[in-house]
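Novice:
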Amino acid sequence: MTYARDVGALARKDLLLELRARDTLPAMLLFVVSTFVVFHFSLPAHPSRLAASGLLWVAILFTALLGLGRAFVPEREQRVLDGLVLAPCDRSAIWLGKSIATLAFLVAAEVVALPVYALFFRPLSGAAVLGVALADVGICAVGTFLGAMAVTTRARELILPLLFLPLAIPIVIGGVGSGAADSPGRYLGFLVLYDLLFAVVCWASFEYVVAE
Amino acid sequence: MLVARGLGKRYGEKRVLRGIDLELSRGGFLVVTGANGSGKTTLLRICAGLAQPTEGRIERDAERAQVGYLAHEPLVYRELSALENLELYGRLYRVPERRERIGMLLERYGLWDVRHDRVADYSRGMTQRLALCRTLLHDPALLVLDEPFTALDESGAALLDAQLAELRGERTLMVSTHDPGRVASLATARLELAA
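Residue numbers (my numbering), protein chains in the order written: chain A, 1 to 212; chain P, 213 to 407.
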C-alpha cells in the first residue's frame, strides 16, 4: 500500500510538471501527426495493409522515443534524482511512477494519432488497437529504464535510441503482426509476454541503475 | 556514528579521494575543508550513501531515511512550488504531521509567503533556503551539508547558524565549507582534504 502511494505521488508529480511546462506532450502530438501527414503525401495512395501497419509502428516508436528522451530531464536539471534515490522508498517506485507518467503521455498522443492514421490510411481493427495498448506498456517500461541509464551519461541523446531501438524490435514484430496478421492472437500473446518479462527485469534491476 | 577507514574513490583513471580515515561519534560535528577539487563533495556523497567508495570501508549507523543531504544543487523541481516539492519529499520520507512540519520550516526560513510560487522564480538564495527545508524536513539523525552557506544572504546565514547551533549535540553533523571560521565554535572535529 505504501509502495502504491509512493508510485502515485511520483507519477502525479510528473503529470503536474508536464501540465506546468508543457514541453513533452505537445511535441509528441506535433511529431506523430506531422509524420502521418508526410507519409500520406509521400507514399502511393492505398498502401498495403502490411505497409500501412509498418508506418503506424515507425510513427509510434519515434514518438515514444521523443517522450522517453524528455522523461528524466527534470531530474537531470537539478540532480533531483539524488534526492529521490536518498528517500527511503523502494527505488523501483521511481521507475514505475515515471513509466506510468510516460505511458499517460504516449496514450494521450495516440488518442489523437490513431484517428488521424485511420483517416489517412486504413481503419484499425480491435486487435491492432489492443496491440498498440500492449506495446505501449512495453515501450514505457523498457524506455524509462534505459532513459534512467542514459541520463547519467554525457551522450544521453545518442545513448537512449541506440539502446532502445534494438530492444523495441520485438515490439514492432508483435505490433505489426497484431494489426496485419489474419490470426493476431499469438502476436498479442507475444506482446503480453514481452511486457511481463521486461517489466519484471526493469523493476528488479532499477536499483542498480540509479546507484553510483 | 560514522567511521571510515582508508576511504578512496576513483572515476576511471582519475583518483578523487585517497586514504581518508574519519570517526564521527553520535552528536559530533565534523567540519570538512579543502581546496576546490580536493574531493569534499565526493566524500560527503559517500557519507550520505549516494556513492560507494572504490577503496576502504565506511560504516554508518544511520539508515537511508535518517540521512539529510544538502548538495550543491537544491534537489528540487523548478517547475513545482516550494509547497509541492516539500509535500512530495514529505510523502516519500513518510514524515509524520507533514503539513505542520512543512509549514514550520517554510515559516522559519522565510518562504511561507512564496510557498505557492514556482521554484524557477526564486532567487538563488531562496532556492538554497528551500533546499535547507528539504534537508531538515524528515528530522534526520545524520546531516551531511555540502557548503550550506552558499548563496545565503546575511539573514539566511544567521538562520542557518542558529539552526546548526540548535542541532549540535542532538544530531550528527558533517559540514563542508570554505569558511571554517563560521562554524569553528560548533565543530568537534575537523578534516582537511589535500588537493
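Glycine included, each C-beta is placed from N, C-alpha and C at the ideal position.
Roughly how many angstroms lie between the CA atoms of P:T245 and A:L25, to the nearest whole one?
Specialist: Each residue's Cα considered, the two are about 46 Å apart.
Novice: DSSP three-state call for A:F39: helix, strand or coil?
Specialist: Here A:F39 sits in helix by DSSP.
Novice: Assign P:H284 to one of two classes, buried (16 or more other C-beta atoms within 10 Å of its C-beta) or exposed (fewer than that).
Specialist: Answer is exposed; the Cβ neighbour count stays below 16.
Novice: Under the rule that 16 or more other beta-carbon atoms within 10 Å means buried, what is P:K226, buried or exposed?
Specialist: Classification of P:K226: exposed, given that the 10 Å Cβ count is below 16.
Novice: Report back the beta-carbon spacing between P:K221 and P:A247 to the nearest angstrom; my notes put them in contact at under 8 Å.
Specialist: So it is not a contact: roughly 17 Å between Cβ atoms.
Novice: For the region 261-276 of chain P, which residues have a CB atom closer than 9 Å to at least one CB atom of chain A, in sequence order?
Specialist: Within the region 261-276 of chain P, the qualifying residues are G261, L262, A263, Q264, E275, R276.
Novice: Would you grab the beta carbon distance between A:G179 and A:S125 for me? Rounded to a whole angstrom, and I think it's under 8 Å.
Specialist: Going by Cβ atoms, the distance from A:G179 to A:S125 rounds to 7 Å, so yes, they are a contact pair.
Novice: Using a Cβ-Cβ distance under 8 Å, would P:V279 count as near chain A?
Specialist: Cβ-Cβ to chain A under 8 Å: yes for P:V279.
Novice: What does DSSP give as the partner residue(s) for P:R380 in the beta ladder?
Specialist: P:R383.
Novice: Any beta-carbon of chain P closer than 8 Å to the one on A:L124?
Specialist: Taking Cβ atoms only, chain P never reaches closer than 8 Å to A:L124, which makes this a no.
Novice: Exposed or buried, what is P:A260 when buried is set at 16 or more other beta-carbons lying within 10 Å of its beta-carbon?
Specialist: Under this definition P:A260 is a buried residue.
Novice: Count the other CB atoms within 10 Å of the CB of A:M1; is the residue buried (16 or more) or exposed (fewer)?
Specialist: A:M1 is exposed by the Cβ-count criterion.
Novice: Between A:T119 and P:R303, what straight-line distance do the alpha-carbon atoms span, to the nearest angstrom?
Specialist: Residue identity check: residue 119 of chain A is Leu in the sequence provided, not Thr. Spanning the two alpha carbons is a distance of roughly 45 Å.
Novice: Could one say the Cβ of A:A155 lies closer than 8 Å to chain P's Cβ atoms, at least one of them?
Specialist: Chain P contact via Cβ: absent.
Novice: Which word fits A:V107, buried or exposed, when buried means at least 16 other C-beta atoms lie within 10 angstroms of its C-beta?
Specialist: Flag for A:V107 reads exposed.
Novice: Could you check whether A:V210 and A:A148 sit closer than 8 Å to each other, using their CB atoms as the reference points?
Specialist: Closer than 8 Å, so yes.
Novice: What in chain A is Cβ-close to P:P286, meaning under 8 Å?
Specialist: Simply Q78.
Novice: P:I232 bridges to which residues according to DSSP?
Specialist: Bridge partners of P:I232: P:L219.
Novice: Can you name, in chain order, every residue of its own chain whose Cβ lies under 6 Å from the Cβ of A:L17, other than the five neighbours on each side?
Specialist: Correct list, in chain order: P74.
Novice: Of all the options A:E110, A:K98, A:L160, which has the alpha carbon lying nearest to the alpha carbon of A:L30?
Specialist: The shortest C-alpha separation from A:L30 is found at A:E110.
Novice: Going along chain P, which residues have a C-beta under 9 Å from A:P26?
Specialist: Chain P residues near A:P26: none, gap ~15 Å exceeds 9 Å.
Novice: In the DSSP output, which residue or residues are listed as bridge partners for P:K226?
Specialist: Bridge partners of P:K226: P:Y223.
Novice: Taking the alpha helix (DSSP H) that A:R156 belongs to, which residues open and close that run?
Specialist: Unbroken alpha helix (DSSP H) run through A:R156: 156-180.
Novice: Check the Cβ of P:E404 against every Cβ in chain A and list those closer than 9 Å, keeping chain order.
Specialist: The contacting residues do not exist; P:E404 stays about 25 Å from chain A at best.
Novice: Sort out for me which residues DSSP pairs P:F241 with in a bridge.
Specialist: DSSP lists P:L385 as partners of P:F241.
Novice: Return the chain-ordered list of same chain residues with a C-beta closer than 7 Å to the C-beta of A:W57, the five sequence neighbours on each side being excluded.
Specialist: Correct list, in chain order: V172, G175, V176.
Novice: Would A:F190 and A:R91 be called neighbours here (beta carbons separated by less than 8 Å)?
Specialist: Cβ distance not < 8 Å, so A:F190 and A:R91 don't count as in contact.
Novice: With a cut-off of 8 Å, does the C-beta of A:R5 fall near any C-beta of chain P?
Specialist: For A:R5, the answer is yes, since a Cβ of chain P falls inside 8 Å of its Cβ.
Novice: Please return the same chain residues whose Cβ sits closer than 7 Å to the Cβ of A:G138, not counting the five positions on each side in sequence.
Specialist: Same-chain partners within the cutoff: I171, L191, Y194, D195, F198.
Novice: Would DSSP call A:L114 helix, strand or coil?
Specialist: DSSP places A:L114 in helix when its eight states are reduced to three.
Novice: With DSSP collapsed to three states, give me the class of P:V288.
Specialist: Coil, per DSSP.
Novice: Going by CA-CA distance only, name the one from P:E366, P:A374, P:T254 that's closest to P:L229.
Specialist: Of the candidates P:E366, P:A374, P:T254, the one whose C-alpha sits nearest the C-alpha of P:L229 is P:T254.
Novice: Apply the 10 Å Cβ neighbour rule to A:T153 and answer buried if 16 or more other Cβ atoms are within range, or exposed otherwise.
Specialist: It counts as exposed.
Novice: Taking the Cβ atom as the reference point for each residue, do P:R330 and P:L287 lie within a distance shorter than 8 Å?
Specialist: Result no, Cβ atoms of P:R330 and P:L287 do not sit closer than 8 Å.
Novice: For A:G23, which three-state DSSP category applies?
Specialist: Here residue 23 of chain A is Asp; the residue named in the question, Gly, does not match the sequence. In the structure shown, A:D23 sits in coil (DSSP, three-state: anything other than H, G, I, E or B).
Novice: Pick out whichever of P:S388, P:L376, P:G337 has its Cα sitting closest to the Cα of P:A363.
Specialist: Cα-wise, what sits closest to P:A363 is P:G337.
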